[in-house]
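*Asks:*
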Amino acid sequence: MDKILILDFGSQYTMLIARRVRELSVYSEIHPYNVSLDSIKEFDPQGIILSGGPSSVYDEGAPKVSADLFSLNIPVLGICYGMQLITELFGGKVAGSAAREYGYAEIEIDSKDPLFIDLDDFDRDGTISVWMSHGDRVEMLPDKFYPIGKSENSPFAAIRNGPGDIYGVQFHPEVVHTPSGVKVLENFISNVCEAAKQWNMGSFIEQSIRKIKETVGDHGLVLGLSGGVDSSVAAVLIHRAIGEQLYCIFVNNGLLRKGEVEEVISVFRDTIGLNLIYVDAEEKFLEALTGASDPERKRKIIGEIFIRVFEEEARKLENIKFLAQGTLYPDVIESVSFKGPSATIKSHHNVGGLPDEMDLALVEPLRELFKDEVRNVGRELEIPENILTRHPFPGPGLAVRIIGEINRDSLFKLREADAIVEEEIRKAGLYESIWQAFAVLLPIKTVGVMGDERTYENVVTIRAVHSSDGMTADWVELPYPLMKKISSRIINEVKGVNRVVYDISSKPPSTIEWE
Ligand code: XMP
29 MDKILILDFG SQYTMLIARR VRELSVYSEI HPYNVSLDSI KEFDPQGIIL
79 SGGPSSVYDE GAPKVSADLF SLNIPVLGIC YGMQLITELF GGKVAGSAAR
129 EYGYAEIEID SKDPLFIDLD DFDRDGTISV WMSHGDRVEM LPDKFYPIGK
179 SENSPFAAIR NGPGDIYGVQ FHPEVVHTPS GVKVLENFIS NVCEAAKQWN
229 MGSFIEQSIR KIKETVGDHG LVLGLSGGVD SSVAAVLIHR AIGEQLYCIF
279 VNNGLLRKGE VEEVISVFRD TIGLNLIYVD AEEKFLEALT GASDPERKRK
329 IIGEIFIRVF EEEARKLENI KFLAQGTLYP DVIESVSFKG PSATIKSHHN
379 VGGLPDEMDL ALVEPLRELF KDEVRNVGRE LEIPENILTR HPFPGPGLAV
429 RIIGEINRDS LFKLREADAI VEEEIRKAGL YESIWQAFAV LLPIKTVGVM
479 GDERTYENVV TIRAVHSSDG MTADWVELPY PLMKKISSRI INEVKGVNRV
529 VYDISSKPPS TIEWE
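Under the numbering used here, think of the first position of the sequence shown as 29, with each following residue one higher.
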């Protein structure tokens, strides 16, 4: 399969480049900028993209590639810092400039160059709109390079070496604010690299099934199924490969949303036909959580009990040699990138970071995929849409949405309130456009009046955020009539709650969850 290699210099958009390339049906992988030349040869890409990055090429210790990269005869596209690096490596000059450009800019392009053919928003005056984000700029081109694009502030906004295959663009084609950006990337991939479009979910599934069969042989494999997208897709994919040799352990920790246990059992055991082992461990979890109110302590307790329960079940099975996890590509990249550049470090661990001492080999069939690709695999595998589009839900579940101590009564209140939030947001047709929406139960009581009675009951807050990866988020401007409906339903239907408030904090500085 033809592939594109992306070398990461720490841009916050590196992952976006990889996604765009894959959306164009060409497989791409991100590697740190200092990966060895031998590994690059082994990966055997059709083209290489050098990402942007926060450094200045003239700084001491700035991340660089060896000039030998360019003797491999593989086309290269440098984006922003990547272009400045090419300039410097070939003897040109880059400098900090008063003419910084952040945001929208117009560039005049050579529309006959293979990189810029057929751009959607190319207009009569010969320009396209692009999105810039740079302090430095190319001041002098290296020998044999010539400009194929210029902006008011950057005489060398896009460059190329002679008639060769080394390109640089100062702007960011990977962001949506560059309307022709996808086409520029497509031109690079198709016209310059001549990479064939062979990456699609159907072929991914076929390959994975083959690989899983080969790896697992006639042994058994266990997987912790949570009902979330990742573990669900991993389970069904593996089931396609090895059928009854897959054992899914579904632990009810007593902290799940309303109706979740029934739904997971009905979909995965009754409809899809997985070998599902259901463990009702509610009692164990709640008992262990008694008296715990510190969020990190709650997380720790839940993690430990989960491993214990999971292990206990797994040990009852015979011939188990493998443990499957729904690890995704973003988690894999975080662990190889230099200085943790392109994605902020997550402190959470997903359910399933499991039994070391059981000595099981890991199977991670989704480790090459982005979340939206996982959903598409799920669709091909005919997993119901409501599972695939369900909002992310933290491993410690409702425990981190009940502030302070947890008990059956508070769980009941939160579950009911949360179900109302979800139901009303779905009815309003907003569920799929929102990253996460949920209720949080606060440990304070306020005075209210219901009928002629004075009440003294709990407060529920509603949280709804837009986000693309959970790393940053902004609160959703829910329509007032919808908030009104949610509020009056919660206060009327959930006994013990007499006040509803709305959380209007973005991340950062707040987090999405309250704990
Ligand atoms: P925060 O609250 O850090 O959450 O803004 C970012 C994303 O991660 C989810 N989250 C967790 N997921 N275990 C998980 O598996 C956890 O302990 C955990 N805490 C938060 C959160 O729901 C959001 O999607």
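Idealized CB from N, CA, C, for every residue including glycine.
Please state whether DSSP places residue 440 in a helix, a strand or coil.
*Replies:* Residue 440: helix per DSSP, three-state reduction.
*Asks:* Are the segment 493–512 and the segment 521–540 touching, with three or more C-beta to C-beta distances below 8 angstroms?
*Replies:* Yes: the two stretches touch, three or more of their Cβ pairs being nearer than 8 angstroms.
*Asks:* Count the other CB atoms within 10 Å of the CB of residue 252; is the residue buried (16 or more) or exposed (fewer)?
*Replies:* Burial call: buried.
*Asks:* Considering only the alpha carbon of each residue, which of 161, 76, 194, 345 lies closest to residue 248?
*Replies:* The residue with the shortest Cα to Cα distance from residue 248 is 345.
*Asks:* How many Å lie between residue 532 and residue 503 at the Cα?
*Replies:* So the two alpha carbons sit approximately 6 angstroms from each other.
*Asks:* Under 6 angstroms Cβ to Cβ from residue 484, same chain only, skipping five residues before and after it: list those, please.
*Replies:* So the qualifying residues of the chain are 473, 475.
*Asks:* Looking at the unbroken beta strand (DSSP E) that takes in residue 349, where does it start and where does it end?
*Replies:* Looking at the DSSP string, the run of the beta strand (DSSP E) that includes residue 349 is 348–352.
*Asks:* Look at the alpha carbon of residue 349 and the alpha carbon of residue 299, and state the distance between them as a whole number of angstroms.
*Replies:* Roughly 27 angstroms separates the two Cα atoms.
*Asks:* Give me the Cα-Cα distance between residue 263 and residue 408, rounded to the nearest whole angstrom.
*Replies:* Each residue's Cα considered, the two are about 14 angstroms apart.
*Asks:* Output needed for residue 389: all residues of its chain with C-beta closer than 7 angstroms, excluding positions within five of it in sequence on either side, in chain order.
*Replies:* If we look at residue 389 and ignore the five residues flanking it on each side, its Cβ neighbours are 349, 350.
*Asks:* For residue 366, which residues of its own chain have a beta-carbon under 6 angstroms away from its beta-carbon, when the five flanking residues on both sides are left out?
*Replies:* A caution first: residue 366 carries a pLDDT of 46, below 50, which makes its placement in the model unreliable, though a value can still be read off. Closer than 6 angstroms at Cβ, skipping near neighbours: 60.
*Asks:* Could you work out which residue in 223, 266, 261, 246 is closest to residue 237 when comparing CA atoms only?
*Replies:* When only C-alpha atoms are compared, the closest one is 266.
*Asks:* Between 113, 63, 68, 98, which has its C-alpha nearest residue 85's C-alpha?
*Replies:* Per the Cα distances, 113.
*Asks:* Which first and last residues belong to the beta strand (DSSP E) in which residue 56 is found?
*Replies:* Start and end: 55–60.
*Asks:* So, for residue 324: in the same chain, excluding its five sequence neighbours on each side, which residues have a beta-carbon less than 6 angstroms away from its beta-carbon?
*Replies:* Within the same chain, residue 324 has no close Cβ partners at all.
*Asks:* Give, in chain order, every unbroken run of the alpha helix (DSSP H) that is at least 4 residues long and sits entirely within the segment 474–537.
*Replies:* Here the runs fully enclosed are 508–521.
*Asks:* Please confirm whether residue 341 has its beta-carbon closer than 8 angstroms to some beta-carbon of chain C.
*Replies:* In the structure shown, chain C does not exist; there is a single protein chain.
*Asks:* Would you identify the three-state DSSP class for residue 380, choosing helix, strand or coil?
*Replies:* Any reading at residue 380 is ruled out, since the residue's pLDDT is 44, under 50, leaving its predicted position unreliable.
*Asks:* Measuring only the C-alpha atoms, how far is residue 523 from residue 282?
*Replies:* Answer to the nearest angstrom: the Cα atoms are 20 angstroms apart.
*Asks:* Look up residue 217 in the DSSP assignment and say whether it is helix, strand or coil.
*Replies:* Residue state, collapsed to three classes: helix.
*Asks:* Taking the alpha helix (DSSP H) that residue 323 belongs to, which residues open and close that run?
*Replies:* Residues 323–343.
*Asks:* Sorted by chain position, which residues of the same chain lie with C-beta nearer than 8 angstroms to residue 219's C-beta, five sequence neighbours on each side aside?
*Replies:* Excluding sequence neighbours, residue 219 sits near 142, 143, 145.
*Asks:* Hey, residue 240 and residue 270: beta-carbon distance below 8 angstroms or not?
*Replies:* Contact: yes.
*Asks:* How long is the line joining the alpha carbons of residue 491 and residue 418, rounded to whole angstroms?
*Replies:* Rounded to whole angstroms, residue 491 to residue 418 spans 16 angstroms at the Cα level.
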